[in-house]
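Peer 1:
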Amino acid sequence: MESTNKIAILGANGNAGKFLVNEALEKGYQVKILTRNSNNIKITNENLEIINGDARDFVSIRKLLKGCRAVINAVGQPKNESYIFSTVTKHILEAMKEFEIKRYILISGGSLNVTGDQKRIVNKIGATLFKVFLSKMMQDKYKELQTIQGSDIDWTIVRLPFVIKQINSESYVGKCPFISN
Numbered sequence: 027m028e029s030t031n032k033i034a035i036l037g038a039n040g041n042a043g044k045f046l047v048n049e050a051l052e053k054g055y056q057v058k059i060l061t062r063n064s065n066n067i068k069i070t071n072e073n074l075e076i077i078n079g080d081a082r083d084f085v086s087i088r089k090l091l092k093g094c095r096a097v098i099n100a101v102g103q104p105k106n107e108s109y110i111f112s113t114v115t116k117h118i119l120e121a122m123k124e125f126e127i128k129r130y131i132l133i134s135g136g137s138l139n140v141t142g143d144q145k146r147i148v149n150k151i152g153a154t155l156f157k158v159f160l161s162k163m164m165q166d167k168y169k170e171l172q173t174i175q176g177s178d179i180d181w182t183i184v185r186l187p188f189v190i191k192q193i194n195s196e197s198y199v200g201k202c203p204f205i206s207n
């Protein structure tokens, strides 16, 4: 794979995604985003490439990832549809392997419990409530986690806030930092 500073970002229309796209562009990265509706994208920048497609579609994911060196997945859940997290991640990892992309950053929620967590009681209660009231979503999130942990990519799962400099850092490779105040 040729060296590039192009990154793919999924979920660019969401709160975290918008922030990530703006930060990446501000830091000088070339950014490719995937959207089902390009009319919803309000960001304009010569270093931004918009790919129309759906994250659940492998062909769309391939088109997005081609030519990139890293992937940031901040995809959200479409309303009133089956949970998509594990399917999207499976497609991403397959395309990453094809294009020899090694760096993967997933933006997830604090409801995901991981061995070694040192959460405060309020965060533990929140995670338990998600597990009880959104059990199907959490099952899909844990399936996604297992898929990532079983891969050979350099992955980081960030639960809540995110720092763009992690694209070049190995500080959290193979880890799931829980960042809270």
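Residue numbers for the sequence shown follow this note's numbering, so the first one is 27 and each next one is one higher. Each residue gets a CB set at the ideal place from its N, CA and C atoms; glycine is no exception. None of the values given here were measured: they were computed from a predicted structure.
(1) Going by DSSP in three states, residue 114 sits in which element: helix, strand or coil?
(2) Just to confirm the assignment, what range does the beta strand (DSSP E) spanning residue 88 have?
(3) For residue 130, name the three-state secondary structure that DSSP assigns.
(4) Quick one: grab the DSSP three-state call for residue 199.
(5) Using a Cβ-Cβ cutoff of less than 6 Å, which residues in the same chain neighbour residue 34 once the five nearest sequence positions on both sides are dropped?
(6) Comparing C-alpha positions only, which one of 50, 81, 151 and 85 sits nearest to residue 69?
(7) Who pairs with residue 30 in a beta bridge, going by DSSP?
(8) Report back the beta-carbon spacing between residue 133 and residue 199 to the nearest angstrom; my notes put them in contact at under 8 Å.
(9) Can you tell me whether residue 97 is helix, strand or coil according to DSSP?
(10) From the DSSP output, in three-state form, read off residue 71 for me.
(11) Does residue 46 pass the burial test, meaning 16 or more other C-beta atoms within 10 Å, or should it be called exposed?
(12) Using 9 Å as the threshold, is the C-beta distance between residue 79 and residue 60 below it?
Peer 2: Reading from the atomic positions:
(1) Here residue 114 is taken as the residue at index 88 of the sequence shown, counted from 1. Here residue 114 sits in helix by DSSP.
(2) As a position in the sequence shown, residue 88 is number 62, starting the count at 1. Run containing residue 88: none in the beta strand (DSSP E); it sits in the alpha helix (DSSP H), 84-91.
(3) The residue given as residue 130 occupies position 104 in the sequence shown. Shown here, residue 130 sits in a strand according to DSSP, grouped into three states.
(4) Taking the first residue of the sequence shown as position 1, residue 199 is located at position 173. For residue 199, the three-state secondary structure derived from DSSP is coil.
(5) If you number the sequence shown from 1, residue 34 lands on position 8. Excluding residues within five positions, the ones whose Cβ falls inside 6 Å are 58, 90, 91, 94 and 97.
(6) Start at 1 with the first residue of the sequence shown, and residue 69 comes out as number 43. The candidate whose alpha carbon is nearest that of residue 69 is 50.
(7) Working through the sequence shown from its first residue, we reach residue 30 at position 4. Note: residue 30 sits in no beta bridge, so no partner.
(8) As a first step, residue 133 is located in the sequence shown; it is residue number 107 there, counting from the start. As a first step, residue 199 is located in the sequence shown; it is residue number 173 there, counting from the start. About 16 Å separates the two Cβ atoms, so there is no contact after all.
(9) For the purposes of this step, residue 97 is taken as residue 71 along the sequence shown, with counting starting at 1. Here residue 97 sits in strand by DSSP.
(10) One-based indexing of the sequence shown puts residue 71 at position 45. Three-state DSSP puts residue 71 in coil, outside helix and strand.
(11) Against the sequence shown, residue 46 aligns to sequence position 20. Counting of Cβ neighbours within 10 angstroms places residue 46 among the buried residues, the total reaching 16 or more.
(12) Residue 79 sits at position 53 when you count from the first residue of the sequence shown. Residue 60 sits at position 34 when you count from the first residue of the sequence shown. Residue 60 sits close to residue 79, with the two beta carbons spaced by under 9 Å.
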